[in-house]
Amino acid sequence: MASSAAPPSVIIAGAGVAGLTAAHRLLERGYDVTLIEANDFVGGKLGAHRDAGLDADAGDAAKPAACDLCAGSGGCPRTGDWHEHCYHMYLNWYHNFWALMDEVGALDSFIPIDAVFNLPRGRPDRSRPGARATSLVNVGSPWTILRNLASGMDTPINMFLSGQAMADLTSEPARRSDQLEKTSVASFMAGRSYASDAALAATYRTTAQAFASPSYLSSARSFKALLSYGLRVPEPSMWLLAGPTARAIFTPWLKRLHAIASGVTLVGALDPDPANPLGIVAGLPAARGPGGRLTIHTLTSVRSLTIDPDTGRITGIGLLRHASSPSIHRGRPDEQPSMPFEPMAVSDDLILALPPGPLGELITPAIAARAPTLPNVHYLRTEPMISVDLFFRRKLERIPRGITVLLDSPYQMSFLDTSQTWAQAAAQGTSLNVVASNADTLVPMSYGDDDIIAALLGELHRYLDFDDADLLTCRTHLQTNVGEELFVNQVGSWDWRPQATCGIPNLFVAGDFCQTAIDVVTIEGAVVSGLMAAEALRRRHRRGPPIRIRQPDEYPALAKAALAAATRPFAYLGGMVATADRTIKRRYARWFPNG
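The sequence shown begins at 929 in our numbering and counts up by one.
Below, the structure is given as structure tokens:
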């Protein structure tokens, strides 16, 4: 389509990372952008919010009992607490994400972290003080191999065998990608004759933390991509934010969009907290940038699509307005279920940057007839990832500064001590963001929030030394993320994942679950999908310069294969030693059951 005098307009449903990325690149090319977001904050699964306006009479869960900090303080301090969907790690190979953060001026908000920590299961013994956590430092770096083998995480032999299996996976040739997509990580690892049970267990933990999916369900191809990209740039292990994403990422990002746009209009209720990004944008002077116009609808979700049977184009959408953010609390019914959808015309293009569930709900027979691959999103598997924020009256002892994995936890739990990483964290005590990656048994509606919190605290007691009286219960905040489940890279899911374009000429799809070169469900995957949708739209209009998309780096295939082949004989020898050791220990236990 040739460029016209009037700027093209695009509606983007979803103001998460993918939606904001597409909006950013199209705005700076002169497109008029309308962002539609169901919450009163932006960021999607990367966003942060406060519960400053909870009201039990408005349908929220009853307020928790006040703690002694509330007395005489002018209000409970929980109203100032930021709550993330869960803690987030940012990896070196997120090239497109880092480019955006550089543009918006947010790079100074990230701090390097060299290690991932691991805590063994078992109630800490107060009579025997000392560090209990083991650490793996800059995994993949040649300078830390010996240190990691001797870390105490497992025996050096099992650590080596686990590393060899991962090296073999990364050295698999590209021509076997289709076969790897239909092979689980567990199946690939079990196919290595040297792999020990301990090495397989380590892989299970890794995929559960990285993918929120066990290794017997996770795609070997996706895991290969994650390992290959990370091995290329292993130092530091990751970056963490020095504050909540609302302030560190989305405030400067929206300020940058404000500077680009020729005008900004905010429609709908805003988060009442002026520190939130949308509140900050509302207080800025009128936009006078060189780009297109930006309109943001908050507390609004897209619930229907209208397609022209003759042209096959989307001509309208149906909107539902919300009284409060629907993604924060589990089980809240739609506030206005009987109200008709509010129509909005689609004059040019529509980008759906929605999770698989909400996207699937929009697909009608008429949509499926024109875009027959879109209904495949119903095959995609998503998983909840529970997050609970805990605040303590005191500083807990020997808490690592970084992400800490709780070994052998049935819920695959881990945590981040934000009081050590967030620059503006409260000074009075430890604050933990605890994540349960394996949460299926905790999310049925028969489990109340108190039941879930009690189960997670009971498990946390097996790793950390604290009493329930140490908790500031009024500040405990649970997010089950039901309704915002995480897509998992399950075996065979690639063919069901949508592309940026479909059979409907003015409809585009973005999201971390889409088909991209990144493959792995990550922040970078969401960014790249937004760039791909924006570039596909730009190409059809032929307006503005091409949108650059950078691919992640990998070591050359020949180099990876040579390294894996060179160390494989030692793996076979190590496998025999591990098998012999395991056999001897089992026989010894049979002969001497009491040790």
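Even for Gly, the Cβ is constructed at its ideal location relative to N, Cα and C.
Taking C-alpha atoms, which residue in the options lies nearest to residue i?
i       : options                               : result
Thr1135 : Ile1512, Gly1453, Trp1021 and Ser1365 : Ser1365
Gly944  : Arg1241, Asn1434 and Thr1226          : Thr1226
Val1449 : Gly1196, Arg1149 and His1405          : Arg1149
Gly1211 : Leu1194, Arg1322, Asp1082 and Glu1452 : Leu1194
Ser1037 : Ala1174, Asp1447, Leu1159 and Leu1077 : Ala1174
Arg1184 : Leu1155, Leu1206, Ala1197 and Pro1372 : Leu1206
Pro1473 : Pro1286, Asp968, Met1081 and Arg957   : Arg957
His1186 : Leu955, Ala1126 and Gly1330           : Leu955
Val1067 : Arg978, Gly1033 and Pro1164           : Pro1164
Thr1239 : Pro1303, Asp1276 and Ser1342          : Asp1276
Glu1012 : Leu1385, Lys1152 and Ser1255          : Ser1255
Thr1083 : Asp1481, Ala1126 and Leu1486          : Ala1126
Phe1436 : Ile1073, Ser1253 and Ala1281          : Ala1281
Ile1208 : Ser1232, Leu1182 and Ile1224          : Leu1182
Ala1294 : Gly972, Pro1237 and Ile1041           : Pro1237
Ala1397 : Leu1385, Ala1102 and Gln1407          : Leu1385
Pro1338 : Arg1326, Gln1356, Val1363 and Ala976  : Val1363
Leu1334 : Val1044, Pro1283 and Thr1495          : Val1044
Ala1367 : Asp1378, Met1341, Arg1390 and Ser1374 : Met1341
Ile1041 : Ile1331, Arg1471, Pro1372 and Ala1383 : Ile1331
Leu1028 : Thr949, Ala934, Arg1049 and Leu1501   : Thr949
His1250 : Ala1197, Thr1444 and Ala1114          : Ala1197
Glu1100 : Ala1492, Pro1372 and Asp1509          : Ala1492
Ser1079 : Ala1299, Val1065 and Ala1508          : Val1065
Ala1203 : Phe969, Ile1477, Arg1322 and Arg1216  : Phe969
Val1192 : Val1416, Glu1452, Gly1453 and Thr962  : Thr962
Trp1167 : Ala1034, Gly1357, Ala941 and Met1081  : Ala1034
Our contact map puts residue i next to residue j with C-beta atoms below 8 angstroms; I'd like the distance itself, whole angstroms only.
i       : j       : result
Ala1118 : Leu1108 : Rounded, the Cβ-Cβ distance is 14 angstroms, inconsistent with contact.
Arg1221 : Ala1189 : 6 angstroms
Asp1395 : Asn1361 : With 8 angstroms as the limit, Asp1395 and Asn1361 do not qualify as a contact, their Cβ atoms being about 20 angstroms apart.
Arg1160 : Trp1026 : With 8 angstroms as the limit, Arg1160 and Trp1026 do not qualify as a contact, their Cβ atoms being about 14 angstroms apart.
Leu1324 : Leu1392 : 6 angstroms
Ile1242 : Ile1432 : 6 angstroms
Val938  : Ile1279 : 6 angstroms
Pro880  : His1023 : No information on residue 880 is available, as it lies outside the stretch 929 to 1523 that the chain covers here.
Ser1156 : Thr1111 : Contact doesn't hold; Cβ gap of about 16 angstroms is too wide.
Ala1123 : Ala1093 : 5 angstroms
Let me know the secondary structure DSSP gives residue i once reduced to three states.
i       : result
Asp1236 : coil
Ser1229 : strand
Leu1334 : strand
Gln1427 : coil
Ala1364 : strand
Ala1454 : helix
Gly944  : strand
Gln1551 : Any question about residue 1551 goes unanswered here, given that the chain covers just 929 to 1523.
Gly971  : strand
Glu956  : coil
Thr1135 : helix
Ile1073 : helix
Ser1315 : strand
Thr1243 : strand
Tyr1157 : helix
Pro1040 : strand
Met1087 : helix
Ile1177 : helix
Ile918  : Outside the shown range of the chain (929 to 1523) lies residue 918, about which nothing can therefore be said.
Leu1028 : helix
Ser1253 : coil
Met1504 : helix
Ile1475 : coil
Val1449 : coil
Ser1374 : coil
Gly981  : Any reading at Gly981 must be qualified, since the residue scores a pLDDT of 49, below 50, and its modelled position is unreliable; the value itself is stated next. It is coil, neither helix nor strand.
Val1067 : coil
Ala986  : Note that Ala986 scores a pLDDT of 38, beneath 50, so its modelled location is shaky and nothing firm can be said.
Glu1263 : Legend: pLDDT at Glu1263 = 49, less than 50; position of this residue unreliable, no value from coordinates given.
Asp1393 : coil
So who's on the other strand from residue i, going by DSSP bridges?
i       : result
Arg1221 : Gly1191
Glu1270 : Leu1247
Ala976  : Glu1012
Tyr1018 : Trp1167
Ile1295 : Its beta-bridge partners do not exist; DSSP assigns none.
Leu911  : With the chain covering only 929 through 1523, there is no way to say anything about residue 911.
Looking at the ligand ATP, does it come within less than 7 angstroms of residue i, judged from the CB to the closest heavy atom?
i       : result
Pro1312 : Within the structure as shown, the ligand ATP is missing, as the structure has no ligands at all.
Legend entry - Touch test, the segment 1390-1406 against the segment 1418-1430, Cβ-Cβ under 8 angstroms, three pairs minimum: Result no; under three Cβ-Cβ pairs closer than 8 angstroms.
Inset, instruction - Pair every Cβ in the segment 1453-1462 with every Cβ in the segment 1337-1347, then say whether three or more of these pairs are closer than 8 angstroms. - result: No, they do not touch.
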